Amino acid sequence: MGPILQDKSLLSDAGLKRLEAAIASAESATSCEFIVVLAPASSRYEGKAFKAGAAVSLFVFVALYWVHFFTTGRPDALWLLAEGCVAGVCAGYAVARVPTLQRLLISRPEMHAAVTQAAGSAFREQNASYTELRNAALLYVSVLEGQARLLADVQLERKVKEARLNEVLAALLNHRGEAIEALENAIAQLGHLCADAFPRPAGDVNELPDRPIIRLP
Numbered sequence: 615m616g617p618i619l620q621d622k623s624l625l626s627d628a629g630l631k632r633l634e635a636a637i638a639s640a641e642s643a644t645s646c647e648f649i650v651v652l653a654p655a656s657s658r659y660e661g662k663a664f665k666a667g668a669a670v671s672l673f674v675f676v677a678l679y680w681v682h683f684f685t686t687g688r689p690d691a692l693w694l695l696a697e698g699c700v701a702g703v704c705a706g707y708a709v710a711r712v713p714t715l716q717r718l719l720i721s722r723p724e725m726h727a728a729v730t731q732a733a734g735s736a737f738r739e740q741n742a743s744y745t746e747l748r749n750a751a752l753l754y755v756s757v758l759e760g761q762a763r764l765l766a767d768v769q770l771e772r773k774v775k776e777a778r779l780n781e782v783l784a785a786l787l788n789h790r791g792e793a794i795e796a797l798e799n800a801i802a803q804l805g806h807l808c809a810d811a812f813p814r815p816a817g818d819v820n821e822l823p824d825r826p827i828i829r830l831p
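Using my numbering, you'd call the opening residue of the sequence shown number 615 and step up by one each time.
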């Protein structure tokens, strides 16, 4: 999964407007409905910041204890404990606020599972399976993890091979350029695929909003 999707500009208002226009353009030639869901992260990964803070606190306490022991011979355990706690709080805060540090502490399998679960939840939350023709597609992007999922409703899955949909996802993840452009290209590519299988009839109604959704963990 690529760093390109770790760009926070995806969540900006300017980025959302560009993606909204891309969705409207892609839907202009097909009856399919496209939903884009963007998430700062797919999980809160509760406990990671606390564990990091506790580890740093313990390390600082032990290190300072032995430094004082060999230099003064009289380490003040209470004072050293306070220093360790302060260091732990600072470390925990940094982990909670700095995505790069979070990525170092969260395993790839844990990230993969969180993104997959969140994408499935988003599909249900956005009523993607309630369109008249059951041909909606949801593109889910999670910025912290830099991962994406492309989910299709039953009729779209029947007419457009899974391998073709995977090609759209692969092109998105391997794009060389700005993140918004990568998503615009993926949406356009999805539109071309769906236009062949589900051409837009006269009087087609836009059943779902084109505006991308921001989903918080």
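Each residue gets a CB set at the ideal place from its N, CA and C atoms; glycine is no exception. For clarity, every value in this text was computed on a predicted model and none was experimentally measured.
VAL755 sits in a strand when the DSSP states are folded into three classes.
Fewer than three pairs of CB atoms, one per stretch, sit closer than 8 Å, so the region 741-753 makes no contact with the region 715-726.
DSSP, read as helix, strand or coil, puts PHE673 in helix.
Under the three-state reduction of DSSP output, THR686 falls in the coil class, being neither helix nor strand.
Between LEU764 and ALA750, the CB-CB gap reaches or exceeds 8 Å. Only residues of its own chain outside the window of five on either side were considered, and among them ALA793 have a CB closer than 6 Å to the CB of ASP621, listed in chain order. Residue pairing for ARG763: DSSP places it in a beta bridge opposite TYR754. Taken through DSSP and simplified to helix, strand or coil, ILE794 comes out as helix.
For PRO617, the secondary structure class from DSSP, reduced to helix, strand or coil, is helix.
Checking the DSSP bridge columns, you'll see VAL650 partnered with LEU753. LEU694 is positioned such that its CB atom lies no closer than 8 Å to that of PHE664. ALA766 counts as buried, since no fewer than 16 other beta carbons sit within 10 angstroms of its beta carbon. CA-to-CA, the gap between VAL651 and LEU786 works out to about 15 Å.
Inter-residue distance for SER626 and PRO823 is about 18 Å (C-alpha atoms, whole angstroms). Under the DSSP definition of a beta bridge, ILE827 partners with VAL651. A residue is called buried when at least 16 other Cβ atoms come within 10 angstroms of its Cβ; THR686 does not meet this threshold and is exposed. A straight-line Cα-Cα distance of about 10 Å links GLY805 and SER645. In terms of Cβ geometry, ARG717 and PRO831 do not form a close pair [threshold 8 Å].
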